[in-house]
Amino acid sequence: MADTAATLANVPGVSARDAATDGFVFNHTMLRVKDAKASLDFYTRVLGFSLVRHNDFPDDGFSLYFLAIVDPADIPDDEAQRKAWVAGLQGVLELTHNHGTESQDGPVYHDGNSEPRGFGHICVSVSDVRAACARFEDLGVPFQKRLSDGRMREIAFIKDPDGYWVEIIQPTPLD
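Everything in the sequence shown is counted per this note's numbering, starting at 1 for the first residue and increasing by one.
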């Protein structure tokens, strides 16, 4: 591990970690979604996320949904405790729903993968990528890239209801 850290530290533009950043956690990334109900169904039922926090801002016309792949039994009941707990998690997905977008025709947000390109994708690691992809197929989830497509046969990409790409990988080599 130390050798890997030393090798990565030699990559141009990479600085040694400043001690002042000890305790920093990459907490969440945010995606704007057209239809909160469809997106929540996708991320909870299809990908196994749990809704860990929800905030409505009716006067401002939006709602926030924080999701994470955690055991629902671990989610604190007390709102203040839950807020602090969620802020300490890694890998949280924040879905922002601007009220009224669900009734607009066509795509509302740019997925980042058409011109002009920008945002690319999020990634979920699964224990068995083949079984996960078979399940996604059975559920009718649209694929951007199947395992059998292209040269990188160990990864797949599916699409969420807004067309955002979700990379699917497994931590161990495919047999």
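Here a beta-carbon is modelled for each residue, glycine too, at the ideal position from N, C-alpha and C.
Pick from Asp41, Gln144, Arg53 and Pro107: whose alpha carbon is nearest that of alanine 84?
The residue you call residue 84 lines up with position 84 of the sequence shown. Checking every option, the nearest Cα to that of alanine 84 belongs to Arg53.
Expected contact under 8 Å - CB spacing of alanine 68 and proline 161 to nearest Å:
Your numbering for residue 68 matches position 68 in the sequence shown. Your numbering for residue 161 matches position 161 in the sequence shown. Between proline 161 and alanine 68 the Cβ distance is about 19 Å, and since that is not below 8 Å, they are no contact.
Reducing DSSP to helix, strand and coil, say where tyrosine 164 ends up.
By one-based count along the sequence shown, residue 164 stands at place 164. Residue state, collapsed to three classes: coil.
Reduced DSSP category for glutamine 81 - H, G, I as helix; E, B as strand; rest coil:
If you number the sequence shown from 1, residue 81 lands on position 81. Note: glutamine 81 maps to helix in three-state DSSP.
Check for me: the beta strand (DSSP E) holding arginine 53 runs from which residue to which?
Residue numbering aside, residue 53 sits at position 53 when the sequence shown is read from its first letter. Here the beta strand (DSSP E) through arginine 53 covers 50-57.
CA-CA distance, aspartate 111 and glycine 120?
The residue given as residue 111 occupies position 111 in the sequence shown. The residue given as residue 120 occupies position 120 in the sequence shown. Here the alpha carbon of aspartate 111 sits roughly 8 Å from the alpha carbon of glycine 120.
By alpha-carbon positions, which one of Pro72, Val70 and Asn55 ends up nearest to leucine 64?
Reading the sequence shown from its first residue, position 64 is the one you call residue 64. The shortest Cα separation from leucine 64 among Pro72, Val70 and Asn55 belongs to Asn55.
What is the DSSP secondary structure of arginine 17, reduced to helix, strand or coil?
Numbered from its first residue, the sequence shown carries residue 17 at position 17. In the three-state reduction of the DSSP assignment, arginine 17 falls in the coil class.
For alanine 73, count neighbouring Cβ atoms within 10 angstroms of its own Cβ and tell me buried if that reaches 16, exposed if not.
For the purposes of this step, residue 73 is taken as residue 73 along the sequence shown, with counting starting at 1. Per the 10 Å Cβ criterion, exposed.
Rank Ile158, Pro12, Gly106 and Ala87 by C-alpha distance to the C-alpha of aspartate 138 and give the top, closest one.
Within the sequence shown, the letter at position 138 stands for residue 138. If we check each option's Cα against that of aspartate 138, Ile158 comes out closest.
Roughly how far, in whole angstroms, is the beta-carbon of leucine 47 from the beta-carbon of valine 124, given that I think they are within contact range, below 8 Å?
Within the sequence shown, numbered from 1, the residue matching residue 47 stands at position 47. Within the sequence shown, numbered from 1, the residue matching residue 124 stands at position 124. At roughly 6 Å, the Cβ-Cβ gap stays under 8 Å, so leucine 47 and valine 124 are in contact.
Start-to-end residues for the alpha helix (DSSP H) that takes in arginine 135:
As a first step, residue 135 must be located in the sequence shown, where it is residue number 135. Element bounds for arginine 135: 129-139.
Nearest-angstrom beta carbon gap, arginine 32 and asparagine 98 [assumed within contact, 8 Å]:
What you label residue 98 is simply residue 98 of the sequence shown in a count that begins at 1. What you label residue 32 is simply residue 32 of the sequence shown in a count that begins at 1. Indeed they touch by this definition, with Cβ atoms about 7 Å apart.
Hey, out of Ile168, Leu174, Leu93 and Gly118, whose CA is closest to proline 142's CA?
Taking the sequence shown and counting its residues from 1, the one referred to as residue 142 is at position 142. It is Ile168.
Can you tell me where the beta strand (DSSP E) holding leucine 93 begins and where it ends?
Within the sequence shown, residue 93 is the residue found at index 93, counting from 1. Looking at the DSSP string, the run of the beta strand (DSSP E) that includes leucine 93 is 92-98.
Hey, how far is the Cα of tyrosine 164 from the Cα of arginine 117?
The count along the sequence shown starts at 1 and reaches residue 164 at position 164. The count along the sequence shown starts at 1 and reaches residue 117 at position 117. For tyrosine 164 and arginine 117, the gap between their C-alpha atoms comes out near 12 Å.
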